[in-house]
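Student: Right, I'll just put the structure down here and ask away after.
Protein chains in written order, with this note's numbering: chain A, 1 to 410; chain B, 411 to 1000.
Structural data, given as structure tokens:
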């Protein structure tokens, strides 16, 4: 994506925002370009493409608590994609969770977020999708077990959990704030990963963006909590993270690395700034921080020794890390999250930071699960969570075993 | 029959320091570049896990990162009267293999050669008269000046994040830097590394003797650094596992930690690993390369056509590929005619080990790094008067604690038992209280030292092996004895109660490790009768072939070579970008 292209996309967005609905030829460059940008911001490619496969031809397997779903082919292939769909079919899918022919979608497709998309964005997205190369790739979408495999069950789910309706700007807030809200809540569907889910798999609306576990990762809180969230980040630091994958404190890896690679690194600076404005303007969720473990606790002593041996060379004795290379552990939300799954997983199997044009290094955390037992991982993770000014509940060997098994099963 | 592949603009042989720099520069020029690398893909994330990167048995004793003789070796002899035999285990030097090349397992000491180095024969003739250069010593000028190299050194130092202290900024001497260095336009990108006790004592002692100690310029980083390509490196932790190891902390500059993260993202670059180039193909005139032929790991042969072929492999392999491809005139030691294989040189690695009173001295030698330490340059190059000495050359003297690996670093004083409880006691007494000071010294060309193709021994593809004919010339042996004596004086002055001097002596042996700084064979120069490539590293005979590596050194300086190899990579890249592509053909008319 060239800078010129981004600028053009931004200009197109601005134009549409100003002019309201503009009727244009569906092959119109500006409409298609806006649709491409909507697809980027909505990160459609994350689910609807497999690495190395044709874009949007489907195939990513999503493991939900209810079973597996595979994201469908959304290229304009008539037989296996959406070539026989109309723009209204797409609108209904995004806004109501109902596919062509009345087939109910599963909310793994984030229609509870996309229902907030503007008609203009849906229209642009449709225009863009019709320009894609049709790929004949049949995808067996529904791999859920009984009774979840019955799509009609989603009618009941929707009744309980789904509130259709477009995004409503808050007139008391700035245009930027509202743009950010739209991007976070609708297109970016951040809550799909970051908002805790009910037993039925729906967003716990009163705990929006407080962190959630899925695909054996814990997507950390992106609230303004200063301990577990991103309340300590400035707007510029949050924009740097979304744009380049790295900021003063951390580097994205895991599913967020994919999001940055495919989506936010390709968004306009103005949109990223808007998202940051919105996210950092939310009230902190409150709640008491757990008491910090005493330094002479046996787990802290054992964990501290392992930390000196295996972690301190990169992350430093003070947990400060090295900017753009080794994440800061002191004060980190991922480290202090109530659910330690991501932290444990990083220690067990390592990870690789995202590479972007601005930050191409892509440093790696080496896997240590082959040389540390569950007890040792629990000790070192407990130490990291309670060293310096950190505070979080201790982690048990059983917690580590659970993550080790979940990771091995993938 | 080779399968013919689609055309590329540039094929680069070898993806180490030089290959990565050239590829990145030429991709920026918009060219389609493919690098063909005989070894495996390697990167920090996948291969240098903090949990096993410092495995001495694996990486030092068994040389896992290096070329294995079963894949390719060389034959060696001391003089033309002997029959060369193959090296069945690499001892004296360790050729690299795989992405990053020897630049993965180097120590990280990164010098600029001195201004006199680049016009060595002229310099000595001017100062001492032409007769001071012995018959048979075929040292020569490089065909360029230090001033030509300065911007290239600068680019390499900023790419690699070298930590050091300038000694000469635009002609102004800088306190605490090397007073003998050539003028640099700006300081190193990073401050010097911290010093442990040994180098600190060395600096105090040598300063007291009237010398000017300065920190060794280091490719191990003194702080977090983001290079001009946007790649970030980390601060060195002094773990002591650099030489022979990959760095797990992103702290040692290598192609992996400086260039490849950017290069591999470029859509016009492709790397093919585990592919060994058989030869550079020439057209019927023999004056133009048409590409290369290579064999992949399944034994399948491919022809890769290209407009430009750049040899960036290990120096011995660059020389050999030119010989196997018929590029250049092979050297004849009888007549002295021909330049291909001529001026093969090495590095005189001298040392004095001091054994100190363990009750008073604890050097904590296991805290170290391949390029930490302090140096003096009073006995290097022509920084001292050679007039009365009867030899030319010298070396950089330094106290560089590279680490004290538990298997191999067990120095004991002479006369100690070599096994049993007596040896254990001597080891225990000496481990913390011994200190070595080295002098990495020049190696000057000699008419009898050269490279050619072995008449008997072949590689696994049936191609003749490279044959090394080499011994330390009389001049260098005299120089070694002199500088080692000076080093020993320093170690005694530091307080050692016993000092062992290890100067290089004849004959050269392939068995003990000495240095991987083998150089020459395709010397660069302004005169095609004594050089294989011109001052832009372009073949005199086949102008669309360039080569970058220590193989273009006409002789070796008293410095480690990598800084100069890196600078030459930028020089070649610049010559191709700003001159060759505008008018493909010879850049210098002989």
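Each residue gets a CB set at the ideal place from its N, CA and C atoms; glycine is no exception. Quick caveat: nothing in here was measured; it's all calculated off a predicted structure.
I think residue 374 (chain A) touches residue 335 (chain A), with their Cβ atoms under 8 Å apart; what is that distance to the nearest whole Å?
Tutor: Contact flag wrong, Cβ pair sits at about 19 Å.
Student: With a floor of 3 residues, list each beta strand (DSSP E) that falls wholly inside the stretch 802 to 889 of chain B, ordered by position along the chain.
Tutor: Segments of the beta strand (DSSP E) lying fully in the stretch 802 to 889 of chain B: 805 to 809, 844 to 851, 860 to 868 and 874 to 879.
Student: Counting contacts by CB-CB distance shorter than 9 Å, is residue 758 (chain B) in contact with chain A?
Tutor: Closer than 9 Å: no.
Student: Run through chain B and tell me which residues come within less than 9 Å of residue 336 (chain A), C-beta to C-beta.
Tutor: Near residue 336 (chain A) there are no residues of chain B at all, since even the closest Cβ is about 24 Å away, more than 9 Å.
Student: Just curious, the alpha helix (DSSP H) that residue 233 (chain A) is in, first and last residue?
Tutor: Where residue 233 (chain A) is concerned, there is no enclosing alpha helix (DSSP H), given that its DSSP letter is neither H nor E.
Student: Restricting to runs no shorter than 4 residues, where is the alpha helix (DSSP H) found entirely within the stretch 453 to 526 of chain B?
Tutor: Runs of the alpha helix (DSSP H) inside the stretch 453 to 526 of chain B: 454 to 457.
Student: Across which residues does DSSP place residue 635 (chain B) in a beta bridge pair?
Tutor: Its beta-bridge partners are B:643.
Student: Do residue 127 (chain A) and residue 34 (chain A) count as a contact pair if the criterion is CB distance below 9 Å?
Tutor: Yes, these two residues count as a Cβ contact at 9 Å.
Student: Just how far apart, CA to CA, sit residue 470 (chain B) and residue 453 (chain B)?
Tutor: The straight-line gap from Cα to Cα measures roughly 19 Å.
Student: Taking the alpha carbon of residue 889 (chain B) as the point to measure from, which residue in B:962, B:799 and B:561 has its own alpha carbon closest?
Tutor: Answer by Cα proximity: B:799.
Student: Relative to chain A, which residues along the stretch 615 to 649 of chain B have a C-beta separation below 9 Å, given in chain order?
Tutor: Result list: 633, 634, 636, 639, 640, 641, 642, 643, 644, 645, 647 and 649.
Student: So the candidates are B:995, B:793 and B:878; which of them puts its Cα closest to the Cα of residue 491 (chain B)?
Tutor: For residue 491 (chain B), the nearest C-alpha among the options comes from B:878.
Student: Say whether chain A places a C-beta atom closer than 9 Å to the C-beta of residue 672 (chain B).
Tutor: So yes, residue 672 (chain B) belongs to the interface.
Student: Which partner residues does residue 948 (chain B) have in the DSSP bridge list?
Tutor: Bridge partners of residue 948 (chain B): B:956.
Student: The beta strand (DSSP E) spanning residue 911 (chain B) covers which residue range?
Tutor: 908 to 912 is the span of the beta strand (DSSP E), which, as asked, contains residue 911 (chain B).
Student: Name the chain A residues whose beta carbon is nearer than 7 Å to that of residue 660 (chain B)?
Tutor: Neighbours of residue 660 (chain B) on chain A, chain order: 325 and 363.
Student: Tell me, please, which residues DSSP counts as bridged to residue 69 (chain A).
Tutor: Per DSSP, A:62 and A:142.
Student: What do you get for residue 817 (chain B), buried or exposed, if any count of 16 or more other CB atoms within 10 angstroms of its CB means buried?
Tutor: Under this definition residue 817 (chain B) is an exposed residue.
Student: Against chain B, which members of the stretch 296 to 315 of chain A pass a CB distance test of less than 8 Å?
Tutor: Listed by position along the chain: 310, 313 and 314.
Student: Going straight from the alpha carbon of residue 750 (chain B) to that of residue 534 (chain B), what length do you get?
Tutor: The alpha-carbon atoms of residue 750 (chain B) and residue 534 (chain B) are separated by roughly 25 Å.
Student: Return the CA-CA distance between residue 392 (chain A) and residue 342 (chain A), expressed in angstroms with no decimal places.
Tutor: Going from the Cα of residue 392 (chain A) to the Cα of residue 342 (chain A) covers about 14 Å.
Student: List the residues that DSSP assigns as beta-bridge partners of residue 750 (chain B).
Tutor: For residue 750 (chain B), which the question treats as bridged, DSSP gives the partners B:740.
Student: Give, in chain order, every residue of the stretch 447 to 462 of chain B whose Cβ lies closer than 7 Å to some Cβ of chain A.
Tutor: Here the close residues are 454, 455, 459, 460 and 461.
Student: Are the beta-carbon atoms belonging to residue 541 (chain B) and residue 783 (chain B) less than 9 Å from one another?
Tutor: It is not a contact, given that the beta carbons lie outside the stated cut-off.
Student: Within 9 Å of any Cβ in chain A, is that where the Cβ of residue 468 (chain B) sits?
Tutor: Not closer than 9 Å to any Cβ of chain A, the Cβ of residue 468 (chain B) fails to qualify, so no.
Student: Taking buried to mean at least 16 other C-beta atoms within 10 Å of its own C-beta, is residue 772 (chain B) buried or exposed?
Tutor: Classification for residue 772 (chain B): exposed.
Student: Report whether the distance from the Cβ of residue 477 (chain B) to the nearest heavy atom of the ligand NAD is below 8 Å.
Tutor: Ligands in the displayed structure: none, and consequently the ligand NAD is not present.
Student: Fully enclosed by the stretch 288 to 338 of chain A, which alpha helix (DSSP H) runs are 4 residues long or longer?
Tutor: Those alpha helix (DSSP H) runs which fall completely within the stretch 288 to 338 of chain A and span 4+ residues are 298 to 310, 312 to 315 and 333 to 336.
Student: Let me make sure I understand the geometry here. Which of A:256, A:306 and A:226 has the alpha-carbon closest to that of residue 287 (chain A)?
Tutor: Considering only alpha carbons, the answer is A:226.
Student: Kindly indicate which three-state DSSP category residue 649 (chain B) falls into: helix, strand or coil?
Tutor: In this structure, residue 649 (chain B) counts as strand in the three-state DSSP scheme.
Student: Who are the Cβ neighbours of residue 416 (chain B) in its own chain at under 6 Å, not counting the five residues just before and after it?
Tutor: Excluding positions up to five away in sequence, the list is empty.
Student: Is there contact here, the stretch 893 to 902 of chain B with the stretch 828 to 842 of chain B, by at least three beta-carbon pairs under 8 Å?
Tutor: No: the two stretches stay apart, fewer than three of their Cβ pairs being nearer than 8 Å.
Student: What first and last residue would you give for the beta strand (DSSP E) that runs through residue 931 (chain B)?
Tutor: Where residue 931 (chain B) is concerned, the enclosing beta strand (DSSP E) stretches over 929 to 931.
Student: For the stretch 965 to 993 of chain B, which segments carrying the alpha helix (DSSP H) assignment without a break, of at least 4 residues, lie completely within its bounds, in sequence order?
Tutor: For the stretch 965 to 993 of chain B, whole alpha helix (DSSP H) runs of length 4 or above, ordered along the chain, are 972 to 985.
Student: Can you name the residues of chain A whose CB is closer than 8 Å to the CB of residue 675 (chain B)?
Tutor: Going along chain A in sequence order, the residues near residue 675 (chain B) (Cβ under 8 Å) are 355, 357 and 360.
Student: Output needed for residue 73 (chain A): all residues of its chain with C-beta closer than 6 Å, excluding positions within five of it in sequence on either side, in chain order.
Tutor: Hits under 6 Å: 57, 58, 80, 81, 137 and 139.
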